[in-house]
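**Q** This structure is in structure tokens; I'll ask about it shortly.
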Amino acid sequence: MTGFSQPDVVIIGGGMAGAGLAAHLAPHRRVTLIEREAACGLHTTGRAVAMFTPSHGAAAGRSLAKASRAFFEAPPTGFDGPLLRPRPTLHIARPAQRPALSDLAARLPGGIELTAAETRRLAPILRPDIAGLLEPDAGDLDVRRLHRRWLDEAQEHGAEIRLCIGDYAIERSRGLWRLQGEGWSLAAPVMVDAAGAWADVVAAAAGLTPLRLEPRQRTLALIDPPPVAGFGDWPIVKDVDDRFHFRPFAGKLLIAPADEEPSPPCDAEADPLDIACALMRFQAVSDYEIEDIRHQWAGLRTFAPDGLPVIGWSGEASGFFWFAGLGGMGVQTAPAAAQLAAALLLERPVPRALLDHGLAPAALGPSRFAAASLERAALS
Ligand SMILES: Cc1cc2nc3c(=O)[nH]c(=O)nc-3n(C[C@H](O)[C@H](O)[C@H](O)COP(=O)(O)OP(=O)(O)OC[C@H]3O[C@@H](n4cnc5c(N)ncnc54)[C@H](O)[C@@H]3O)c2cc1C
């Protein structure tokens with residue numbers, strides 16, 4: 015890559031966050047998206063097998079997911095049809111976990127409590143003493159189609175996407191963020207940090223205080239499916255204490271241990287211990303004997319200290335915008351999150367539909383951490 019460019023906005027990172035934002039901003043601003051890898055989406059986004067579970071996470075995250083639903087069901091022309099395929103989530107509990115299932119039932123509007131026999135009818139490999147709670151309005155999301163289309167859409171509106179950018183320095187001078195790599199440079203008044211697991215590293219390179227974002231590893235394994243008719247239509251089966259889940263995926267049975275081991279930002283690799291743990295938890299609820307792992311992989315989900323996304327202007331450095339900490343909800347919240355980020359960046363009102371779903375944008379802004387640390391300092 016060579017040359018100098020001067021866009022209005024530079025977005026760092028071409029995962030779901032960067033791609034969605036580029037697509038929303040490009041009709042209104044000159045956008046350059048820079049991605050360190052040879053392709054966009056090689057890290058977290060490319061490793062996700064995304065479910066739409068609107069009951070997942072804290073209130074502000076649930077609002078973003080609910081506000082995204084209409085987009086997934088009926089995306090604009092160009093996305094090639096719906097991105098959400100209905101697939102209920104079946105929350106399951108062993109006898110000792112029944113109180114947790116009752117708690118969840120009380121919190122889950124529209125949840126349907128099932129007997130053990132009804133539960134086993136939905137996923138016939140479950141042991142006969144497993145009870146279930148069905149969350150009907152969940153589904154599978156088409157991550158690749160969403161991500162790819164947003165990148166294309168951004169480019170159709172004139173955004174520039176630069177790959178393989180190598181190492182570079184960042185500094186702020188004379189009202190511009192200046193990025194200088196080998197044989198290239200660019201300068202923009204606004205820089206968006208959408209670098210996923212590396213978001214704190216980018217912020218530190220720009221001279222900001224990191225937000226203490228924590229990447230955590232999540233592992234997935236594929237095994238041969240049980241030879242049972244209707245397997246492809248099974249629900250997502252999720253342990254009520256969120257210790258593992260399994261589901262049909264690409265003709266195989268996907269098992270996830272729900273591991274959350276903190277990790278430095280890196281090219282994550284599946285850990286055999288996590289896989290063994292997933293299989294053990296699976297066997298505790300199922301009488302299906304696993305013979306072989308066909309494929310395994312891992313990705314990093316990056317969390318802010320309060321588990322919520324960080325979307326908003328930095329209070330510390332002008333022109334620096336955070337779009338990070340999307341944790342385990344960066345796909346199911348992607349349309350609403352991109353709309354919110356674009357509205358804040360373009361200094362336009364937050365779309366009514368987001369507010370109607372109970373979203374309070376300040377709950378996601380980075381300033382919430384500054385306020386918390388001031389409070390801690392005052393108390394000490
Ligand atoms: C196994 C797994 C299962 C998941 N399941 C779900 C689910 O069911 N539902 C759901 O909603 N979400 C799920 N997620 C979470 C979701 O995938 C993430 O929240 C989302 O993809 C994060 O997108 P991102 O753009 O923030 O990060 P990324 O996709 O990691 O993108 C960040 C990009 O920034 C680039 N980058 C880093 N540093 C630099 C730099 N200095 N310069 C230029 N580029 C840089 C990286 O190369 C990377 O491409 C899952 C994730 C995993 C791993």
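So the number in the working numbering is just where the residue sits in the sequence shown, counting from 1, plus 14. Glycine residues also receive a C-beta, built at the ideal position from the N, C-alpha and C atoms.
Looking at C-alpha atoms only, which residue of Glu49, Met294, Arg108 and Gly341 is the closest neighbour of Leu165?
**A** Per the Cα distances, Glu49.
**Q** Terminal residues of the continuous beta strand (DSSP E) containing Phe402?
**A** Because the chain in this structure spans residues 15 to 394, residue 402 falls outside the shown range and cannot be described.
**Q** Please report how far the alpha carbon of Leu128 lies from the alpha carbon of His70, in whole angstroms.
**A** Taking the straight line joining both Cα atoms gives about 20 Å.
**Q** Please indicate yes or no: does the CB of Val63 lie closer than 8 Å to some heavy atom of ligand 1?
**A** Flag set: Cβ of Val63 near ligand 1.
**Q** Is the stretch 96-107 close to the stretch 135-154, with three or more CB pairs under 8 Å?
**A** Contact holds: three or more Cβ-Cβ distances are below 8 Å.
**Q** By DSSP, does Thr91 sit in helix, in strand, or in coil?
**A** Coil at Thr91, not helix or strand.
**Q** May I ask you to report which of helix, strand or coil DSSP gives Val216?
**A** It is helical.
**Q** Confirm the yes/no value for this check: CB of Cys54, any heavy atom of ligand 1, distance under 8 Å.
**A** The answer is yes for Cys54.
**Q** Between which two residues does the alpha helix (DSSP H) harbouring Phe131 extend?
**A** Per the sequence shown, the amino acid found at residue 131 is Ala instead of Phe. From DSSP, the alpha helix (DSSP H) with Ala131 extends over Ala130 to Leu136.
**Q** Can you grab the Cα-Cα spacing for the pair Leu122 / Phe337, in whole Å?
**A** The alpha-carbon atoms of Leu122 and Phe337 are separated by roughly 29 Å.
**Q** Roughly how many angstroms separate the alpha carbons of Gly34 and Ala81, rounded to a whole number?
**A** When rounded, the distance between both Cα atoms is 15 Å.
**Q** Candidates Ala120, Arg192 and Phe66: which alpha carbon is nearest Asp22's?
**A** With distances taken between Cα atoms, Asp22 lies closest to Arg192.
**Q** Am I right that Ser410 and Thr46 are in contact with their C-beta atoms under 8 Å? What's the rounded C-beta distance?
**A** Outside the shown range of the chain, which is 15 to 394, sits residue 410, and nothing can be said about it.
**Q** Compute every distance between the C-beta of Ile325 and the non-hydrogen atoms of ligand 1, then say whether any falls below 8 Å.
**A** False, no ligand heavy atom lies under 8 Å from that Cβ.
**Q** Please state whether DSSP places Trp164 in a helix, a strand or coil.
**A** If DSSP states are grouped into helix, strand and coil, Trp164 belongs with the helices.
**Q** Please tell me whether Val324 and Met205 are closer than 9 Å, where the distance is taken between their beta carbons.
**A** Result no, Cβ atoms of Val324 and Met205 do not sit closer than 9 Å.
**Q** Could you compute how far the alpha carbon of Gly344 sits from the alpha carbon of Ala31?
**A** Gly344 and Ala31: Cα-Cα distance of roughly 7 Å.
**Q** Between the C-alpha atoms of Arg308 and Val63, what's the straight-line distance to the nearest angstrom?
**A** Computed Cα separation, rounded: 16 Å.
**Q** So what does DSSP say about His38, is it helix, strand or coil?
**A** Correct three-state label for His38: helix.
**Q** Considering only DSSP beta bridges, list what Ile237 is partnered with.
**A** BP columns for Ile237 point to Leu267 and Ile307.
**Q** Could you tell me whether the Cβ atoms of Pro375 and Leu359 are closer together than 9 Å?
**A** No.
**Q** Got a sec? Which residues, its chain only, sit under 6 Å from Gln297 by beta carbon, not counting five neighbours each side?
**A** For Gln297, where only same-chain residues beyond five positions count, there are no Cβ hits under 6 Å.
**Q** Shortest alpha-carbon distance to Leu78 belongs to which of Ala88, Phe66 and Asp301?
**A** The shortest Cα separation from Leu78 among Ala88, Phe66 and Asp301 belongs to Phe66.
**Q** Relative to the C-alpha of Leu267, which residue among Ser187, Ile237 and Arg362 is closest?
**A** Nearest of Ser187, Ile237 and Arg362 to Leu267, Cα basis: Ile237.
**Q** Using a threshold of 9 Å, state whether the C-beta atoms of Gly125 and Leu322 are closer than that.
**A** Not in contact: Gly125 and Leu322 (Cβ atoms no closer than 9 Å).
**Q** Which class does Ile289 belong to by DSSP, given the choice of helix, strand or coil?
**A** Ile289: helix per DSSP, three-state reduction.
**Q** Give the secondary structure of Arg121 by DSSP, where H, G and I count as helix, E and B as strand, and everything else as coil.
**A** If DSSP states are grouped into helix, strand and coil, Arg121 belongs with the helices.
**Q** Which word fits Pro150, buried or exposed, when buried means at least 16 other C-beta atoms lie within 10 angstroms of its C-beta?
**A** The residue in question, Pro150, is exposed, as its Cβ has fewer than 16 Cβ neighbours within 10 Å.
**Q** Helix, strand or coil for Leu190, going by three-state DSSP, please let me know.
**A** Strand, per DSSP.
**Q** Quick one: complete beta strand (DSSP E) runs, 3+ long, within the stretch 304-370?
**A** Here the runs fully enclosed are 307-317, 324-327 and 334-338.
**Q** Does the separation of the CB atoms of Pro276 and Arg226 fall below 9 Å?
**A** For Pro276 and Arg226, no; Cβs fall outside 9 Å.
**Q** Give the range of the beta strand (DSSP E) segment to which Arg99 is assigned.
**A** Note, Arg99: beta strand (DSSP E), Leu98 to Pro100.
**Q** Just to confirm, does His57 get its C-beta within under 8 Å of one of the non-hydrogen atoms of ligand 1?
**A** Because some heavy atom of ligand 1 lies under 8 Å away, the Cβ of His57 counts as near it: yes.
**Q** What is the rounded straight-line gap between the Cα of Gly403 and the Cα of Leu369?
**A** No answer is possible for residue 403: the residues shown for the chain start at 15 and end at 394.
**Q** Taking Cβ to Cβ, would you say Leu155 is nearer than 9 Å to Gln310?
**A** Cβ distance not < 9 Å, so Leu155 and Gln310 don't count as in contact.
**Q** For Leu200 and Arg188, what's the separation of their Cα atoms in angstroms?
**A** Looking at the two C-alpha atoms, the distance is approximately 14 Å.
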